[in-house]
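K.L.:
Following this message is one structure expressed as structure tokens.
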Amino acid sequence: MDLNYIIAILAAGVVAGTPILYASLGEVIAERGGILNLGVEGMMLVGAVSAFYVGTFTQNKWLGLLVALLAGGLMALIHAVITISFRASQVASGLALTIFGTGLSAYLGRNLVGIPPTSTFKVVAVPGLSQIPVLGEIFFKQDVMVYLSVVLVVILWFVLYKTKAGLLLRAAGENPSAVDALGHNIFFIRYAAVIVGGMLAGAGGAYLSLAYSTSWIENMSAGRGWIAVALVIFAVWDPRRALLGAWLFGVIASLGLHLQALGVMIPSNFLQMLPYIFTFAVLVLTTRETKNRRSGTPAALGISYSREER
Amino acid sequence: MKLKLLGSWEIKKTNSSSALKKFGISVTSIVLGLLFAGLFVLITGKDPLELYSEILHASFGSIYGLSETLVEMIPLAICSLGVSLAFRMQLWNIGAEGQFYMGAFGAAYFALFFSDLPTLIMLPLMLLAGFICGGLWALIPAIPKAFWNVNETISSLLLNYVAYFWMAYLVYGPWKDPNGNNFPLTKQFPESATIPVFGNTRISYAIFLVVIIAVVMFFLIKYSKWGYEISVSGSSRKAADYAGMSYVKNVLKVMFLSGAIAGIAGMAEVSGVLHRLQQTISPGYGYTAILIALLARLNPLSIVLVSFMMGALLVGGFSLRTSGFPSSMVSMFQGSILFFVLAGEVFNNYHLVRKKV
Amino acid sequence: MGNTPMVEMRNISKEFPGILANDQVSFDVKSGEIHALLGENGAGKSTLMSVLTGLYHPDGGQIYIEGKKTEFSSPKDAVNCGIGMVHQHFKLVQPFTVAENIMLSIKGLKQIYNLKEIEQQIIKQSEAFGLSIDPKAKIWQLSVGEQQRVEIIKLLLLGAQVLILDEPTAVLTPQEANALFKTLLKMIESGKSVILISHKMNEVLENTDRITVLRDGKSIGTVDTKNTNEKELAKMMVGRNIADQLIKKSSRKQDKIFSLDNVSALGNNGLLKLKSISLDIYSGEILGIAGVDGNGQKELAEVVAGMRSVKMGSLAFCGKDYTKSGRKKRMNLGISYVPEDRMTTGLAPDLNAYENMALNSYCSYRGAFIRWDKVKKDTDRLIQAFDVRLASKANPVKMMSGGNIQKLLLAREIDSAPLLIVAVYPMRGLDIGATDYVKRLLIEQSEKGKAVLLISEDLEDLLSMTDRIIVMHGGEIMGVVNPSETTREEIGLMMAGKRKVDLHEA
């Protein structure tokens, strides 16, 4: 195996990890605010189909991305209403959202199957940086949404740990009654977190249909939404670790695709299983490792907040 | 608790909730759910009422439709009974789809490789194989859950994809019928490995399995010590510890049985309906089963009823394909109904009152 | 001091399902005073204050702030009017630092803040009131007293003029409580007002200017502290002359029921929470455990009950070693357990009363099934005998009131004919009637020859009920005292970490 081949696998890994990174970052925000949203898969699918639809018919990928953000946000709004205002089980509502999103995207995309896209995100080499040997090839010869995702990680990290908004968000996930008693609007904070989270899942979907596959296929997210949720646990709710996890996942996935070409005699179906098994293993290992650690799961994650509960 | 609503109404907590009220809330939720989903159909320029009547017609409009609804009900009800057991203990086993596939795999192994066995040995053996394979598959997420509290929701779901690709491997690879024109199918099961059907319908005798499992589950939960342990553990793990119940053992037992029942559904499907393995043996029974369990509030007898309704929706969905709609769009209706049922839950313990001024 | 009170609440009413928590309550606070809100548990004190802090919306009545009619639709409105409350359960974010917690309450905090500057400000402002705190410390590392300090500093920085403290001394040693009242005095000197919610008469008589007594959701009256006495207050609180003090005759026998020998155990966080505890429990005695919450008492109870495994040392029941046995075995031996957390440990909240009554007996049925007809008969008998009031036996127990929940739990635990009853904070959160009932029940059991291990934070209860008191601090035993020979001060110092031997050498 030569160096170029390794570089190609790693570069493809970054691409494969990007949709999951967007979705994971979204879920980090929602869960930091205390709301578990298992509807990521559904939000990604709706994001993917709406991005493809708008992007293809307006021939403007940016408009497609924008609509995917909106669609993801609207999907998340449903979850927010049910879990925050009606205080229903977050697990059940998230599952409903995934089921709903799968059906809705199949319906909306029924005439899009097999249509070639007219506007997609293409590789834009960063001047200068892309000339760096190895690293340039891997990280700086990518499409714009890859660069944006890295910028997003930095922004999100800063907001979460260095700003008032982040402080409130983290507090909302740890002890909502404290936030409420101090006169902050806990409901607004949680709604905002869930909706922004959904928008990013939508962006992850847009990446799938406008950059990664450049097509619409029913159920094209193929479990990536679930992997994104699992990665949040691996990331210990830290955006920087989410980046690491998403890329690691991407590399495993792209390795699977390339192993055969390298002459490794493993049936392709087993290689297709690889990302899911890998995620499963990571989930088990991280949970074991963080079991006794103080920092980790937001203390109020999954618990509805009600002011007058007695 | 109080939810502020528009105008002079608000929601207040009550200590009472009658069965009639619960029923009324469920019906209202389902209607609102269908309306909400219909909204999406409407804004894309289609008439939702036409769509709904098409679904109804397909599933209830003929003897054939009705019998197909029952065919769909069997795997749905069995899977749902399986997941409901885990849900009762607050274990979110959403891996029924994979457990269904593995159950089918186990059953098919005997059908394909021990094809000489007589029916009376073959079918029980296939049932047992389906049971064990489904159960073991569910144990994979159960073990980390029991010992290290690893989130079983995600882990059980991830395994669905693994099971799916395992099936793909079999039907594209070693188990492919050599005389099958290279289609990804196994060869057909021998007569001895198929569950008989009623008359010239496709409804197999596996429908008795639905009844048996539902009734056994009902008594298990209501009267048995173990059922009691499950209910206590589901309400509060600390209370279970307090009463000296082993949480770890119960997680393993419940998840195994939950998966094993889904495995039975997989066996029933390949042995009673498909008579062979193929890449897709389920249009998402395992996922719809989750929805059914939640809609039926985990009550075994309601599960059978709701499965019938969801079976009808599936049959209707298949028929939509002829009008150019993807059959998977029915999950849009399912998800939408669940939204409203979940939101409606609030009204069971709360009621609407006019604000005192 | 003007004539308009800082806060005036007129005819406040608030209803919860089945309970009228506040019935036309009127109440006012002047600037520069400490005003006590006295009443039994369930009298409506916390509800009234939750209305004042905007958490609950009243069903009727008005609130005036400095004479101006005001309506609070959320806690934010109350905060803006200068009202702040230290809740019994602190509203702190455990993994945050002190500074981060305080920042949550700083008005007009910039989106991108300067942490260093804020930390210095916190030190400066808190020292002005004689409160010292390290802004960089994480909350979970602090003692309960220090956490309370953070809560107070938070309110001061929020610009609170009216401070409400809900049972602030419940979690403090007597010495810490004194320090708290010194701080409060400093605050009223600077023109702020303090509302003290309490059910302890001594504390209220010693530290306040005026007292308002609530009973059954109604205001019974407001009196000047200097013109009243314990007897009058007690009568106002209970509505009748309180029954004679309980007198516990020692019925301690010679036979050891349960012994711990050098037992160490880990807490939930994996740290050593019990350190080499040795003690014997005799039949017929009530052995009290005193200590500030979180000093290993709960872990001790769990070790005895069989719910927490022992790291080192050994346990013996009636002379036989049972170190390795689990909860089920201990239940069969006759060890009953009334846990602190009744609703989610002692009971399964979603199950009904019948189903909960089977929790310690379901295994005794032969075969795979539970005889629910028998369970129902037993439950009906116990509900009658222990005077548990239920709207419906088919409702989940989470809908029951605190007193009835405790009665149900005690009924079940005592009916199982135990030799040893482990009771953790069994009177916490109960009204006077129910408290009295539980106390009598435990004393009665000890007189019948059963051993009782009683963990309580209320020194009065321990002093009046027990045969011996063991004081714990930091997971260790500081000493054993005899209730008739000790003083509150002695126990207080031991609770703060002074060993009995050291006390008497000094």
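For the record, the sequence lines run as chains A, D and C.
Going by my numbering, 16 is the number at position 8 of the first sequence; the sequence numbering is gapless.
Going by my numbering, 399 is the number at position 300 of the second sequence; the sequence numbering is gapless.
Going by my numbering, 1307 is the number at position 400 of the third sequence; the sequence numbering is gapless.
C-beta atoms are modelled at their ideal positions from N, C-alpha and C, and glycine is treated no differently.
Keep in mind it's a predicted model, so treat the numbers as computed, not measured.
Tell me, to the nearest whole angstrom, how far the beta carbon of residue 257 (chain D) is from that of residue 287 (chain A); I am working on the premise that it is less than 8 Å.
P.N.:
The count along the second sequence starts at 1 and reaches residue 257 (chain D) at position 158. The count along the first sequence starts at 1 and reaches residue 287 (chain A) at position 279. Residue 257 (chain D) to residue 287 (chain A), Cβ: 6 Å. Contact.
K.L.:
Distance check for residue 167 (chain A) and residue 1022 (chain C), CA to CA, integer angstroms please.
P.N.:
Translated into the one-based positions of the third sequence, residue 1022 (chain C) becomes position 115. Translated into the one-based positions of the first sequence, residue 167 (chain A) becomes position 159. Cα-Cα distance, rounded: 14 Å.
K.L.:
To the nearest whole angstrom, what separates the beta carbons of residue 393 (chain D) and residue 100 (chain A), a pair I think is in contact under 8 Å?
P.N.:
Numbered from its first residue, the second sequence carries residue 393 (chain D) at position 294. Numbered from its first residue, the first sequence carries residue 100 (chain A) at position 92. Rounded, the Cβ-Cβ distance is 6 Å, consistent with contact.
K.L.:
Quick check: the Cα distance between residue 458 (chain D) and residue 167 (chain D), rounded to an integer number of angstroms?
P.N.:
Within the shown structure, residues of chain D are numbered from 100 to 456, placing residue 458 (chain D) beyond reach of any answer.
K.L.:
In chain order, what residues of the same chain lie with their CB nearer than 7 Å to the CB of residue 179 (chain D), ignoring the 5 residues before and after it?
P.N.:
Within the second sequence, numbered from 1, the residue matching residue 179 (chain D) stands at position 80. Closer than 7 Å at the Cβ level, and outside the excluded window around residue 179 (chain D), lie 388, 391, 392, 402 and 406.
K.L.:
Report, in whole angstroms, the separation of the C-beta atoms of residue 226 (chain A) and residue 427 (chain D), which I expect to be a contact under 8 Å.
P.N.:
What you label residue 226 (chain A) is simply residue 218 of the first sequence in a count that begins at 1. What you label residue 427 (chain D) is simply residue 328 of the second sequence in a count that begins at 1. About 6 Å separates the two Cβ atoms, so the contact holds.
K.L.:
Classify residue 295 (chain D): buried if its beta carbon has 16 or more other beta carbons within 10 angstroms, exposed otherwise.
P.N.:
The residue you call residue 295 (chain D) lines up with position 196 of the second sequence. By the neighbour-count rule (16 or more Cβ atoms within 10 Å), residue 295 (chain D) is not buried but exposed.
K.L.:
Between the segment 1303 to 1315 of chain C and the segment 1218 to 1230 of chain C, can you find at least three pairs of beta-carbon atoms closer than 8 Å?
P.N.:
no
K.L.:
May I ask which residues mark the beginning and end of the alpha helix (DSSP H) holding residue 1371 (chain C)?
P.N.:
Here residue 1371 (chain C) corresponds to residue number 464 of the third sequence, with the count starting at 1. From DSSP, the alpha helix (DSSP H) with residue 1371 (chain C) extends over 1366 to 1372.
K.L.:
Just to confirm the assignment, what range does the alpha helix (DSSP H) spanning residue 1036 (chain C) have?
P.N.:
On the third sequence, residue 1036 (chain C) is found 129 positions in, with the first residue counted as 1. That residue, residue 1036 (chain C), is in no alpha helix (DSSP H); it is neither H nor E in DSSP.
K.L.:
I think residue 1266 (chain C) touches residue 331 (chain D), with their Cβ atoms under 8 Å apart; what is that distance to the nearest whole Å?
P.N.:
Walking along the third sequence from the start, residue 1266 (chain C) turns up at place 359. Walking along the second sequence from the start, residue 331 (chain D) turns up at place 232. With a Cβ gap of about 7 Å, residue 1266 (chain C) and residue 331 (chain D) count as contacting.
K.L.:
How would you list, in chain order, the residues of chain D whose beta-carbon sits under 7 Å from the beta-carbon of residue 1251 (chain C)?
P.N.:
Within the third sequence, numbered from 1, the residue matching residue 1251 (chain C) stands at position 344. Under the 7 Å cutoff, chain D gives 335, 337 and 338.
K.L.:
Could you work out which residues of chain D lie near residue 1238 (chain C), taking near to mean beta carbons separated by less than 9 Å?
P.N.:
For the purposes of this step, residue 1238 (chain C) is identified with residue 331 of the third sequence, where counting begins at 1. Per Cβ cutoff of 9 Å: 342 and 343.
K.L.:
Would you list, in chain order, the members of the segment 163 to 174 of chain A that have their beta-carbon closer than 7 Å to a beta-carbon of chain C?
P.N.:
170, 171, 172 and 173
K.L.:
Using 9 Å as the limit for Cβ to Cβ distance, is residue 961 (chain C) near chain A?
P.N.:
For the purposes of this step, residue 961 (chain C) is taken as the residue at position 54 of the third sequence. Answer yes: the Cβ-Cβ gap between residue 961 (chain C) and chain A drops below 9 Å somewhere.
K.L.:
Among residues of its own chain, excluding the 5 on either side of residue 908 (chain C), which ones have a beta-carbon nearer than 7 Å to its beta-carbon?
P.N.:
As a first step, residue 908 (chain C) is located in the third sequence; it is residue number 1 there, counting from the start. Note on residue 908 (chain C): pLDDT 44, under 50, position unreliable in the model; the coordinate value appears next. Taken in chain order, the residues that qualify are 937, 938 and 939.
K.L.:
List, in order along the chain, the chain A residues whose C-beta lies closer than 8 Å to that of residue 325 (chain D)?
P.N.:
Looking up residue 325 (chain D) in the second sequence gives position 226. Within 8 Å Cβ-Cβ: nothing; residue 325 (chain D) doesn't reach chain A, min ~24 Å.
K.L.:
Is residue 999 (chain C) close to chain A, meaning its C-beta is less than 9 Å from at least one C-beta of that chain?
P.N.:
As a first step, residue 999 (chain C) must be located in the third sequence, where it is residue number 92. It does: the Cβ of residue 999 (chain C) has a partner Cβ on chain A nearer than 9 Å.
K.L.:
Taking the alpha helix (DSSP H) that residue 300 (chain D) falls in, what are its first and last residues?
P.N.:
Within the second sequence, the letter at position 201 stands for residue 300 (chain D). No alpha helix (DSSP H) contains residue 300 (chain D), which DSSP labels as neither H nor E.
K.L.:
Going by the CB atoms, is the gap between residue 1054 (chain C) and residue 307 (chain A) shorter than 9 Å?
P.N.:
Taking the first sequence and counting its residues from 1, one reaches residue 307 (chain A) at position 299. Taking the third sequence and counting its residues from 1, one reaches residue 1054 (chain C) at position 147. Result no, Cβ atoms of residue 307 (chain A) and residue 1054 (chain C) do not sit closer than 9 Å.
K.L.:
For a contact meaning CB atoms closer than 9 Å, what does residue 971 (chain C) contact in chain A?
P.N.:
Residue numbering aside, residue 971 (chain C) sits at position 64 when the third sequence is read from its first letter. Within chain A, no residue comes near residue 971 (chain C); the closest Cβ sits about 20 Å away, beyond 9 Å.
K.L.:
Can you tell me whether residue 135 (chain A) is buried or exposed? The criterion is at least 16 other CB atoms within 10 Å of its CB, across all chains shown.
P.N.:
Here residue 135 (chain A) refers to the residue found at position 127 when the first sequence is read from its first residue. Around the beta carbon of residue 135 (chain A), a 10 Å sphere encloses fewer than 16 other beta carbons of the protein chains shown; the residue is thus reported as exposed.
K.L.:
Since I believe residue 147 (chain A) is in contact with residue 22 (chain A) (beta carbons under 8 Å), could you give me their beta-carbon distance rounded to a whole number of angstroms?
P.N.:
Position 14 of the first sequence, counted from the first residue, corresponds to residue 22 (chain A). Position 139 of the first sequence, counted from the first residue, corresponds to residue 147 (chain A). With 8 Å as the limit, residue 22 (chain A) and residue 147 (chain A) qualify as a contact, their Cβ atoms being about 7 Å apart.
K.L.:
Which residues in chain D sit within 9 Å of residue 231 (chain A), going by Cβ to Cβ distance?
P.N.:
Taking the first sequence and counting its residues from 1, one reaches residue 231 (chain A) at position 223. Neighbours of residue 231 (chain A) in chain D, taken as residues at a C-beta separation under 9 Å, are given in chain order as 256, 257, 259 and 260.
K.L.:
Can you list, in chain order, the residues of the segment 183 to 217 of chain A whose Cβ is nearer than 8 Å to any Cβ on chain C?
P.N.:
183, 185, 186, 187, 188, 189, 190, 191, 192 and 193
K.L.:
Can you tell me where the alpha helix (DSSP H) with residue 931 (chain C) in it begins and where it stops?
P.N.:
The residue given as residue 931 (chain C) occupies position 24 in the third sequence. Where residue 931 (chain C) is concerned, there is no enclosing alpha helix (DSSP H), although the beta strand (DSSP E) it sits in stretches over 926 to 936.
K.L.:
DSSP on residue 1248 (chain C), reduced to helix/strand/coil?
P.N.:
Position 341 of the third sequence holds residue 1248 (chain C). Note: residue 1248 (chain C) maps to coil in three-state DSSP.
K.L.:
So residue 403 (chain D) is in the alpha helix (DSSP H); what residue range does that whole segment cover?
P.N.:
One-based indexing of the second sequence puts residue 403 (chain D) at position 304. Note, residue 403 (chain D): alpha helix (DSSP H), 399 to 419.
K.L.:
Which residues mark the beginning and the end of the beta strand (DSSP E) in which residue 271 (chain D) is found?
P.N.:
Position 172 of the second sequence, counted from the start, is the residue given in the question as residue 271 (chain D). In the DSSP assignment, residue 271 (chain D) falls outside any beta strand (DSSP E) and within the unbroken alpha helix (DSSP H) covering 251 to 271.
K.L.:
Take residue 347 (chain D) and list the residues in its own chain whose beta-carbon comes closer than 8 Å to its own, dropping the five residues that flank it on each side.
P.N.:
The count along the second sequence starts at 1 and reaches residue 347 (chain D) at position 248. 245 and 246, listed in sequence order.
K.L.:
Skipping 5 residues on each side, what residues in its chain have a beta carbon closer than 7 Å to that of residue 174 (chain A)?
P.N.:
In the first sequence, the residue the question calls residue 174 (chain A) occupies position 166. These residues qualify, in order along the chain: 167 and 168.
K.L.:
Check this for me: beta carbons of residue 87 (chain A) and residue 111 (chain A), under 9 Å apart or not?
P.N.:
The residue given as residue 87 (chain A) occupies position 79 in the first sequence. The residue given as residue 111 (chain A) occupies position 103 in the first sequence. Result no, Cβ atoms of residue 87 (chain A) and residue 111 (chain A) do not sit closer than 9 Å.
K.L.:
If you measure from the beta carbon of residue 994 (chain C) to each beta carbon in chain A, is any gap under 9 Å?
P.N.:
Here residue 994 (chain C) corresponds to residue number 87 of the third sequence, with the count starting at 1. So, interface residue.
K.L.:
Measure the CB-CB distance between residue 1410 (chain C) and residue 1397 (chain C) and report whether it falls below 9 Å.
P.N.:
Stepping through the third sequence from its first residue, residue 1410 (chain C) is reached at position 503. Stepping through the third sequence from its first residue, residue 1397 (chain C) is reached at position 490. Cβ distance < 9 Å, so residue 1410 (chain C) and residue 1397 (chain C) count as in contact.
K.L.:
Taking 9 Å as the threshold (beta carbon to beta carbon), is residue 371 (chain A) in contact with chain C?
P.N.:
The structure shown does not extend to residue 371 (chain A), since chain A is modelled only from 9 to 318, so the question has no answer here.
K.L.:
Please confirm whether residue 1256 (chain C) has its beta-carbon closer than 9 Å to some beta-carbon of chain D.
P.N.:
Here residue 1256 (chain C) is taken as the residue at index 349 of the third sequence, counted from 1. Residue 1256 (chain C) counts as touching chain D.
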